[in-house]
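In what follows, a structure is listed as structure tokens, so that the remarks can point back to it.
Residue numbers (the working numbering): 216 to 616.
What follows is the structure, encoded as structure tokens:
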């Protein structure tokens, strides 16, 4: 058994080592703004209005919220950010964060951008994983019909065949270059179709190693049961299981839709219930992984900004005889958030990666608005970021005096 090492998430010197003083001050001002739901609502409205009227505000967006949460507009823009983080032991996952596309040309472009990130990952140690969203390559209405078992018309049937072909093209390429790729989870009413695509790809490409990962959102109810079903299917099917756990990013949207359409909310009743489900899923997967000598074809990505969940997983791994760097597990956080988890865990030898979203500014605004909403709605998120940034600013001030 490896000795348990306490993870000091309050060590701001390690947490913010990637930040210059100017970068730290910019983050402080941004999170101060995000702490106000009123300012976030007004800012979102004004940004949408200004973009609709083609006012010259891209420079302001690029210098503030875009710079905080995105790696750039292109793959090339992201490389310096990824390399900077890698020097400090933190990898990057390039995420083309354009979603809700509506035409074939856009779908094909999203596929090409994903393949470009995988090609980079095949050459760069700093980029060990790929990721894509199915809504970037497929029509949402069609995905909803597939998810609900509604018969498709002829054009929708063709669209579904094309979607399956696009997913296969991405996963086949990922397999050919040996780069694992994650399929992100999205809204519950289209998730059944996404799950089907993910598990079909696993059956095809996870025979020797885990290449394809599906995502389980633990703010949904009954996710532990869904995990056990996925484990059983993988065991019976003879393929490796790759799972990424997240809490979830569409809570208000899900609850509002459930209420308006008169069906039970698919979302956990509270943050505490979500935490219990998340930790139970993580524990079940790590126990299934077993000890190093068991050689299970399982791999896990823990996408969490929660210190308790990170520490729980780290301790479970060590208790089962894994060293921090050998376990087939990545800990992932979003770029621009929770540096105190990312860099502290990397400092202790764990595999850590930052989600590095990129894309044209006007097309990644839905992603940025979601990040802003998350920081105002998730209890304690912005306050924690601000407190840690303040502590580090004061620490640096003391050093310079």
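We put the CB at the ideal spot given by N, CA and C, even for glycine.
Self-check item: Beta-carbon proximity of residue 601 to residue 231, cut-off 8 Å
Solution: Taking the chain shown and counting its residues from 1, one reaches residue 601 at position 386. Taking the chain shown and counting its residues from 1, one reaches residue 231 at position 16. No. Outside cutoff.
Quiz item: Under a three-way DSSP split, which group does residue 570 fall into?
Solution: Within the chain shown, residue 570 is the residue found at index 355, counting from 1. Three-state DSSP puts residue 570 in a strand.
Quiz item: For residue 216, which of helix, strand or coil comes out of DSSP?
Solution: Walking along the chain shown from the start, residue 216 turns up at place 1. Note that residue 216 has pLDDT 48, beneath the 50 cutoff, so the model's placement of it is unreliable and no number is given.
Quiz item: Does the segment 575–591 come within contact of the segment 310–319, defined as at least 3 CB pairs closer than 8 Å?
Solution: yes
Quiz item: Would residue 290 pass as a contact of residue 331 if the rule is Cβ separation under 8 Å?
Solution: Counting from one through the chain shown, the residue named residue 290 turns up at place 75. Counting from one through the chain shown, the residue named residue 331 turns up at place 116. Yes, they are a contact pair.
Self-check item: DSSP-derived helix/strand/coil call for residue 459
Solution: Numbered from its first residue, the chain shown carries residue 459 at position 244. Residue 459 falls in the strand class under three-state DSSP.
Exercise. Would you decide whether residue 482 is buried or exposed? Buried here means 16 or more other CB atoms lie within 10 Å of its CB.
Key: For this step, residue 482 is matched to residue 267 along the chain shown. Label assigned to residue 482: buried.
Exercise. For the alpha helix (DSSP H) holding residue 259, just list the boundary residues, first then last.
Key: Taking the first residue of the chain shown as position 1, residue 259 is located at position 44. Segment 252–267, the alpha helix (DSSP H) holding residue 259.
Exercise. Note down, in chain order, each residue of its chain lying with its Cβ closer than 8 Å to the Cβ of residue 277, except the 5 sequence neighbours on either side.
Key: Here the question's residue 277 lines up with position 62 in the chain shown. 576.
Quiz item: Thinking C-beta only, is residue 511 closer than 8 Å to residue 505?
Solution: For the purposes of this step, residue 505 is identified with residue 290 of the chain shown, where counting begins at 1. For the purposes of this step, residue 511 is identified with residue 296 of the chain shown, where counting begins at 1. Yes, they are a contact pair.
Practice problem: Output yes or no for whether 8 Å exceeds the beta carbon distance between residue 587 and residue 280. | Solution: Residue mapping note: residue 587 aligns to position 372 of the chain shown, counting from 1. Residue mapping note: residue 280 aligns to position 65 of the chain shown, counting from 1. Yes, they are a contact pair.
Exercise. Compare the beta carbon distance of residue 357 and residue 374 with 8 Å and say whether it is the shorter of the two.
Key: Residue numbering aside, residue 357 sits at position 142 when the chain shown is read from its first letter. Residue numbering aside, residue 374 sits at position 159 when the chain shown is read from its first letter. Taking 8 Å as the Cβ cut-off, residue 357 and residue 374 qualify as a contacting pair.
Quiz item: Out of curiosity, what's the CA-to-CA distance linking residue 271 and residue 584?
Solution: In the chain shown, counting from the first residue as 1, residue 271 sits at position 56. In the chain shown, counting from the first residue as 1, residue 584 sits at position 369. Those two C-alpha atoms are separated by around 19 Å.
Exercise. Please report how far the alpha carbon of residue 554 lies from the alpha carbon of residue 479, in whole angstroms.
Key: Mapped onto the chain shown, residue 554 falls at position 339. Mapped onto the chain shown, residue 479 falls at position 264. Rounded to whole angstroms, the gap between the alpha carbons of residue 554 and residue 479 is 36 Å.
Quiz prompt | Cβ neighbours of residue 282 in the same chain (closer than 8 Å, five flanking residues each side left out) | solution = Taking the chain shown and counting its residues from 1, the one referred to as residue 282 is at position 67. Excluding sequence positions up to five before and after residue 282, its CB lies within less than 8 Å of the CB of 241, all in the same chain and listed in chain order.
Quiz prompt | Separation of residue 267 from residue 257, as counted between CA atoms | solution = Here residue 257 corresponds to residue number 42 of the chain shown, with the count starting at 1. Here residue 267 corresponds to residue number 52 of the chain shown, with the count starting at 1. Going by the C-alpha atoms only, they are around 15 Å apart.
Quiz item: Can you list, in chain order, the stretches of the beta strand (DSSP E) that have 3 or more residues and sit fully within the segment 356–421?
Solution: 396–398
Practice problem: Taking 8 Å as the cut-off, decide whether the C-beta atoms of residue 447 and residue 431 are in contact. | Solution: Residue mapping note: residue 447 aligns to position 232 of the chain shown, counting from 1. Residue mapping note: residue 431 aligns to position 216 of the chain shown, counting from 1. It is not a contact, given that the beta carbons lie outside the stated cut-off.
Quiz item: residue 332 by DSSP, collapsed to three states: which one?
Solution: For the purposes of this step, residue 332 is taken as the residue at position 117 of the chain shown. Residue 332 falls in the helix class under three-state DSSP.
Self-check item: Classification of residue 261 by the beta-carbon crowding that lies within 10 angstroms, buried from 16 upward
Solution: As a position in the chain shown, residue 261 is number 46, starting the count at 1. Burial call: exposed.
Quiz item: So, does the CB of residue 583 fall closer than 8 Å to a CB anywhere in chain C?
Solution: Among the protein chains of the structure shown there is no chain C, as only one such chain exists.
Exercise. Check residue 557 in the structure and name its three-state DSSP category.
Key: What you label residue 557 is simply residue 342 of the chain shown in a count that begins at 1. Helix at residue 557.
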